[in-house]
């Protein structure tokens, strides 16, 4: 049985001034896919999202035992052209902005997955090292000659590197920092592992963009905190780190709701180059966030029921966190025929929460549907091209973001 630990204090400032923003009842892990016989046996638990009024960090107040979960974790975007282009751009921009004149340079990526991102750094001359809790993904990385340590990054990791006198020019986390149960402890550790003038590069989901797109599906058991420019800046300053760049990659090249920032230790920062502290969100921002979440779920349920009433067959596209959590939040997700994934992690598996079968694109040949609702909206152009090969026109492909906003469309 999965253990859940409930907290009573802010993850960042240890304060008690917490208010609940929203509750999503009985939600699953995003990646705990099941066989048919195990449908209904998956982990389900409420997700309550809080705001700390002292430090302005939005967060969950429960930790779920994840050792076994991450051991079997297999998520990868290596098959996506868009994702691969982003990874190449990230590596080249970090190099050209900060290390162009340095021949010997090193990077540690925490949550390095199958090593695809580190491969881009290796190609341009970085000495690379990954840290990855998933044995499956770390084995793939090592097989591809991307040196990767299999395990969770902890205080013991700091002692290991210090004993080896190993320090890094870059420490990178892409959609990993907001998974850490104690992100402040990580900042303290990483700061001690950076070389002089070394940089910490972090990519997380931007809370302001979550609100704008109404992506409540990103409130997950796996996520501990939700940052925007303001709360990220304050948070890092608490640990003597200053954000020096929010514009490492142009907005048009980022993935969905990405917030990327570059930080340095205060002692290494030119004061003139610090990012100005953005304003906090108002209380109305959080009120509207809650209201729009519940409205969005109702609009999705209406979309599902109207299509069924009209005799239309619908399917979802994208078995990542967005698809799994959105469907799990709906009371009538069973109206969907199945959930499409370009490269499913296995055959004959089902999404947690909704119990929908996950199929590949070939499944559409013998099981056509009238309309496809896309959850992986950041890859919409790529998805439309793939679906066109199976006879689907653009008017048959809709983004769940649009449906949540506008209702049945």
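In the numbering used here, the protein residues as written are 926 to 1334. Beta carbons are placed, not taken as given, at the ideal position from N, Cα and C, and that holds for glycine.
Item: 4-residue-minimum alpha helix (DSSP H) runs that sit fully inside the segment 1124–1174, ordered along the chain; Value: 1132–1138 and 1154–1163
Item: Nearest to residue 1112 (by Cα), restricted to the options 1280, 1328 and 1160; Value: 1160
Item: Residues bridged to residue 1240 (per DSSP); Value: 1297
Item: CA-to-CA distance, residue 1146 to residue 1032, given in whole angstroms; Value: 29 Å
Item: Beta-carbon proximity check, residue 1332 vs residue 1224, cutoff 8 Å; Value: yes
Item: Helix, strand or coil at residue 1249 [DSSP, three-state]; Value: helix
Item: N- and C-terminal bounds of the beta strand (DSSP E) containing residue 948; Value: 943–952
Item: Residue 1130 burial status per 10 Å Cβ neighbour count (16 or more: buried); Value: buried
Item: Secondary structure of residue 1261, DSSP reduced to three states; Value: strand
Item: Cβ-based burial, residue 1088 [other Cβ within 10 Å; buried from 16]; Value: exposed
Item: Pairwise C-alpha distance: residue 1211 and residue 1106; Value: 23 Å
Item: Backbone CA spacing between residue 1074 and residue 1011 [nearest angstrom]; Value: 24 Å
Item: Through-space distance from residue 1236 to residue 1051, alpha-carbon basis; Value: 56 Å
Item: CB-CB length for residue 1066 against residue 1040, believed under 8 Å; Value: 3 Å
Item: Sub-8 Å separation of residue 1018 and residue 1173 beta-carbons; Value: yes
Item: Same chain, Cβ closer than 7 Å to residue 1294, neighbours up to 5 away in sequence not counted; Value: 1238, 1239, 1240 and 1262
Item: Status (buried if at least 16 other CB within 10 Å, exposed otherwise) for residue 1273; Value: exposed
Item: Given residue 1192 as reference, the closest of 1116, 1062, 1275 and 1304 once Cα atoms are compared; Value: 1116
Item: Residue 967 - partner residues in DSSP beta bridges; Value: Residue 967 pairs with nothing; no bridge assigned.
Item: Outcome for residue 1318 when other beta-carbon atoms lying within 10 angstroms are tallied against a minimum of 16; Value: exposed
Item: Residue 1213 versus 1189, 985, 1269 and 1136, residue with shortest Cα-Cα distance; Value: 1136
Item: Alpha carbon of residue 1140 to alpha carbon of residue 1009, nearest angstrom; Value: 23 Å
Item: Close beta carbons around residue 1096, own chain, < 6 Å, minus the five adjacent residues each side; Value: 1033, 1115 and 1125
Item: Residue range of the beta strand (DSSP E) that includes residue 1031; Value: 1030–1035
Item: Beta-carbon spacing of residue 1283, residue 1244 below 8 Å; Value: yes
Item: Alpha helix (DSSP H) segment containing residue 1312, residue limits; Value: 1305–1313
Item: Beta-carbon proximity check, residue 929 vs residue 987, cutoff 8 Å; Value: yes
Item: Buried or exposed (CB count within 10 angstroms, at least 16 for buried), residue 923; Value: Residue coverage of the chain in this structure runs from 926 to 1334, which leaves residue 923 outside it and unanswerable.
Item: Nearest to residue 1060 (by Cα), restricted to the options 1229, 1121, 955 and 1038; Value: 1038
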